[in-house]
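Working notes, beginning with the structure itself.
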Amino acid sequence: MPRYASDNRLNLRVGVSSFSKDKTSLEVIGRLGVNTSNAEQALDVRGYAGISSGLDVTGITTLGTSDSVTGFVTTRGDLYVGGDLFIKDDLVFDEVSGENLNINGIGTIGSLGVSGLTTTKDLTVFGHTNTLGLTTLG
Numbered sequence: 001m002p003r004y005a006s007d008n009r010l011n012l013r014v015g016v017s018s019f020s021k022d023k024t025s026l027e028v029i030g031r032l033g034v035n036t037s038n039a040e041q042a043l044d045v046r047g048y049a050g051i052s053s054g055l056d057v058t059g060i061t062t063l064g065t066s067d068s069v070t071g072f073v074t075t076r077g078d079l080y081v082g083g084d085l086f087i088k089d090d091l092v093f094d095e096v097s098g099e100n101l102n103i104n105g106i107g108t109i110g111s112l113g114v115s116g117l118t119t120t121k122d123l124t125v126f127g128h129t130n131t132l133g134l135t136t137l138g
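Set out below in C-alpha cells:
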C-alpha cells in the first residue's frame, strides 16, 4: 500500500469542523500543484478542475490556449460582460437584437427589416426596394 504524506490517510481533512468553517484552514507558502509535482504558477492545476460554487477572478484572465486552432472557451448559459468587450477577429452571430447599434465603416446586410424610425446619412441600395408608408428623400 502506498504511503501518503498524511501518514496512511487517503482523505486528509484540515481544520476543526466546529471551528474552522469560515476561517482559513490551510495556507500554502510557495506554489501549489494539483496533479503535478512541478508547479509553474502559484496555482497549477493539470487536468479538469470542477468548481461548483462560483469562481471570482480579479485581474487579467486568459482562457483557452494560445493555439488559434484549439484555443476556445465554451459557456453553458449566459455570459455577462460588465464593461467593454473587445474582439480581435471575426464576430459571427446566429441572431442579434439590440438598441443603438452603431456600425462604423461599411456594413453588408443581406436583408434589412426596419420597424420604426431610421436615420441614415448615406444609403446605397442595390436591387429591389419596397417602401410602405411615408418616405422622405432629398
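Residue numbers 1 to 138, in the numbering used here, belong to the letters of the sequence shown in order. Cβ atoms here follow ideal geometry from the backbone N, Cα and C, with glycine treated the same way.
Separation of T62 from I103, as counted between CA atoms: 28 Å
State the start and end residues of the unbroken beta strand (DSSP E) segment that holds L43. L43 to V45
Have a look at T39 and I60 and give me their C-alpha separation to the nearest angstrom. As written in the sequence, residue 39 is Ala, which differs from the Thr given in the question. Distance between the alpha carbons of A39 and I60 is about 20 Å.
Going by C-alpha to C-alpha distance, which of K121, V125 and L117 sits closest to S111? V125
Just the Cα atoms here: how many angstroms apart are V92 and G113? 19 Å
According to the Cβ coordinates, are N35 and V28 closer than 9 Å? no
Classify L32 as helix, strand or coil using the three-state DSSP reduction. strand
Measuring alpha carbon to alpha carbon, tell me which of T129, L137 and H128 ends up nearest D122. L137
Pick from A42, V57, I109 and G64 that is closest to Y48, judged by C-alpha positions: G64
With a CB to CB cut of under 6 Å and the five nearest residues on each side skipped, what residues in its chain are close to G54? none
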